[in-house]
Amino acid sequence: MTNAASGTHRRRRIDARSSAERIIAAGRNVLGAGEGSLERIAAEAGVGIATLYRHFPNREAIVRAVLDDILETDLLPLITDASAARHPRQSILDIATRLLDLITEERGLVTFAGNFADVAVDALQRFSDSLRPLLERAQEQGEIRADLTADDIPRFLVMGIAALALPGTTPATRARFTVLLFDSLNPANATPLPPLRPETEEDDLHTAVSSAMSVPEKSRKSVQ
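Have a look at this one:
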């Protein structure tokens, strides 16, 4: 490949990456407003609808890309920064508080994502898996009950989302009740946990995620 051809190829890759990034940013804004129009997303990104479809063939692909972007920019860096924290339980509490704040701020997007439970569960599972080393260290240090498993994390978070990430809830209220919720993780005087039933776990999580995101009729119509 000549230098000129190589340069053209690099520019095309840069342009393609730039287009995809603009579409993801626009998707976050448009979906966050509770709308699902791909034409609106393309217009806000400054690209044609054909370009949008070349990168993202359907709404599910855009929702997945937007949720991945939120993980990469807003949540996973917090987990990385906390990897050497002296008190991992407090770090987990801070990260969970930020997650709940973010879900409340992005309520339109979260509600829309509830139409795609598989995508939402994948994002939640990825977040939970990233949190696992911090959880294990907190357990080793005696800061979190030892019988909490990695499989409990996404369900624990979903219950927190359903209870605390509500429209009209102030950050102070969320912080207060997140602390109360996290007190259930303390090892002192903990009642042994009953076992989960493996055959129902997967269906349980998908149903719980959809319910926690509580898709209203308006959003349901926008994806049809």
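Residues 665 to 888 (the numbering used here) are what the sequence shown spells out, left to right. Idealized CB from N, CA, C, for every residue including glycine.
Asked, Found
"Suppose contacts are defined by Cβ-Cβ distances below 8 Å. Is Ile-808 in contact with Leu-799 by that definition?", "yes"
"Which residue wins for smallest C-alpha separation from Asp-765, given the options Arg-840, Asn-693, Ala-777?", "Arg-840"
"Take the Cβ of Asn-850 as the centre, count every other Cβ of all protein chains shown within 10 Å, and call the residue buried at 16 or more, exposed below.", "exposed"
"By Cβ distance below 7 Å, which residues in the same chain neighbour Ser-755 in space, the five residues on each side in sequence not counted?", "Ala-746, Ala-749, Leu-798"
"According to the neighbour-count rule (16 or more other Cβ atoms, all chains shown, within 10 Å of its Cβ), is Ala-852 buried or exposed?", "exposed"
"Between which two residues does the alpha helix (DSSP H) harbouring Pro-835 extend?", "835 to 846"
"For Asp-733, collect the residues of the same chain with a Cβ closer than 6 Å to its Cβ; drop the 5 residues on either side in sequence, then sort them by chain order.", "Ile-688"
"Which stretch, first to last residue, makes up the alpha helix (DSSP H) that contains Pro-856?", "That residue, Pro-856, is in no alpha helix (DSSP H); it is neither H nor E in DSSP."
"Please determine, among Ala-690, Leu-695, Leu-845, Ser-683, the residue with the shortest C-alpha to C-alpha distance to Ile-767.", "Leu-695"
"Run through DSSP, which three-state label would Asn-779 get?", "coil"
"In chain order, what residues of the same chain have a beta carbon less than 8 Å from the beta carbon of Arg-762, not counting five sequence neighbours either side?", "Asp-738, Leu-739, Leu-742"
"Report yes or no: do the segment 706 to 722 and the segment 771 to 791 share at least 3 C-beta pairs separated by less than 8 Å?", "no"
"Applying the criterion that 16 or more other CB atoms from any shown protein chain within 10 Å of the CB defines a buried residue, is Ile-713 buried or exposed?", "exposed"
"Go ahead and pull the three-state DSSP assignment for Pro-721.", "coil"
"Measuring CB to CB, does Leu-857 end up less than 8 Å from Asp-811?", "yes"
"If you draw a straight line from the C-alpha of Val-843 to the C-alpha of Gly-832, how long is it?", "19 Å"
"Measuring alpha carbon to alpha carbon, tell me which of Ala-707, Leu-828, Ile-705 ends up nearest Arg-771.", "Leu-828"
"Nearest by alpha-carbon distance to Asp-816: which of Thr-744, Glu-769, Ala-872 is it?", "Ala-872"
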